[in-house]
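Going from the sequence shown to our numbering is simple: count from 1 and add 120.
Report on one structure; see the data block that follows.
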Amino acid sequence: MNKIIIVGIVVVVLIGGFVLLSNNETNVPSGNQKDIGSLIPSNQITEKGTDTVVTENEDVIKMNSGSFFFAPNTLKAKVGEETNIDITSSGLHTFTIDELGVDVLTQDGVTTRVTFTPKTAGTYTYYCAIPGHTEAGQIGSLIVAE
Ligand SMILES: [Cu+2]
Numbered sequence: 121m122n123k124i125i126i127v128g129i130v131v132v133v134l135i136g137g138f139v140l141l142s143n144n145e146t147n148v149p150s151g152n153q154k155d156i157g158s159l160i161p162s163n164q165i166t167e168k169g170t171d172t173v174v175t176e177n178e179d180v181i182k183m184n185s186g187s188f189f190f191a192p193n194t195l196k197a198k199v200g201e202e203t204n205i206d207i208t209s210s211g212l213h214t215f216t217i218d219e220l221g222v223d224v225l226t227q228d229g230v231t232t233r234v235t236f237t238p239k240t241a242g243t244y245t246y247y248c249a250i251p252g253h254t255e256a257g258q259i260g261s262l263i264v265a266e
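Structure follows, in structure tokens:
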């Protein structure tokens, strides 16, 4: 009789532990997927640009623009020197820098040349002005040095 009770308790504890463990395993990943999925379709996450820096030494900077990234997402430039960027766009986006008066529409599948000459040192933000794109991550930093 005692053995049956002990075995019964062990079984209940094992089942309880298993239920707790399996709840933890399923709750955490599904929560993460829900957060990401509400922002960006999962098939586009892998296209997101990595953190890369282009120096001021290059004559023409090559950039990719897509949903929702600029690659590179950090650029360097020098005061008084012309900066040229060839932006190859996947989807319709803009390349916009408010302080420099740059606001260029980049068409899907087309490479668009953007040219500007910064006159003041500082860090500027470039972004896509199409609603929702900046919030989804289509944003970068332009660092202008003397
Ligand atoms: Cu965009």
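From the three backbone atoms N, C-alpha and C, an ideal C-beta is built for every residue, glycine too.
- request: Mind reading off the beta-carbon distance from Ala-197 to Asp-223? Whole number of angstroms is fine, and I expect it under 8 Å.
  value: Between Ala-197 and Asp-223 a beta carbon distance of about 17 Å is seen, past the 8 Å cut, so the two are scored as non-contacting.
query: Rounded C-beta distance between Thr-231 and Ile-205? I'm assuming under 8 Å.
result: Between Ile-205 and Thr-231 the Cβ distance is about 10 Å, and since that is not below 8 Å, they are no contact.
task: To the nearest angstrom, report how far apart Lys-182 and Leu-262 are at their CA atoms.
output: The C-alpha of Lys-182 lies about 14 Å from the C-alpha of Leu-262.
- prompt: Where does Thr-216 land, buried or exposed, given buried means 16+ other C-beta within 10 angstroms?
  reply: With a threshold of 16 other beta carbon atoms within 10 Å, Thr-216 meets it and is buried.
message: Can you tell me whether Asp-218 is helix, strand or coil according to DSSP?
response: The answer is helix: DSSP assigns Asp-218 an H, G or I state.
field: Nearest-angstrom Cα separation, counted from Asp-218 out to Glu-266
entry: If you take the alpha carbons of Glu-266 and Asp-218, they lie about 20 Å apart.
- request: Give the DSSP-derived three-state secondary structure of Gln-164 in the structure shown.
  value: At Gln-164 the pLDDT is 34, less than 50, meaning the model places this residue with poor confidence and gives no usable figure here.
query: Ala-191 to Asn-184, Cα distance in whole Å?
result: Distance between the alpha carbons of Ala-191 and Asn-184: 5 Å.
query: Excluding sequence positions up to five away, which residues of its chain have a Cβ less than 7 Å from the Cβ of Gly-211?
result: These residues qualify, in order along the chain: Gly-186, Ser-187 and Asp-228.
field: Residues with C-beta closer than 5 Å to any heavy atom of ligand 1, in chain order
entry: That gives His-213, Cys-248, Ile-250, His-253 and Gln-258.
message: I'd like to check one pair, Glu-201 with Thr-237: are the Cβ atoms closer than 8 Å?
response: Between Thr-237 and Glu-201, the gap from beta carbon to beta carbon is short of 8 Å.
message: With a threshold of 6 Å on Cβ separation, who are the neighbours of Glu-145 within its own chain once the five nearest residues in sequence on each side are excluded?
response: In this prediction, Glu-145 scores a pLDDT of 42, lower than 50, which makes its location untrustworthy; the coordinate-derived value is nonetheless stated afterwards. Hits under 6 Å: none found.
message: Please tell me whether, using a cut-off of 7 Å, the distance from the CB of Gly-257 to the nearest non-hydrogen atom of ligand 3 is below it.
response: In the structure shown, ligand 3 is absent; the only ligands present are ligand 1.
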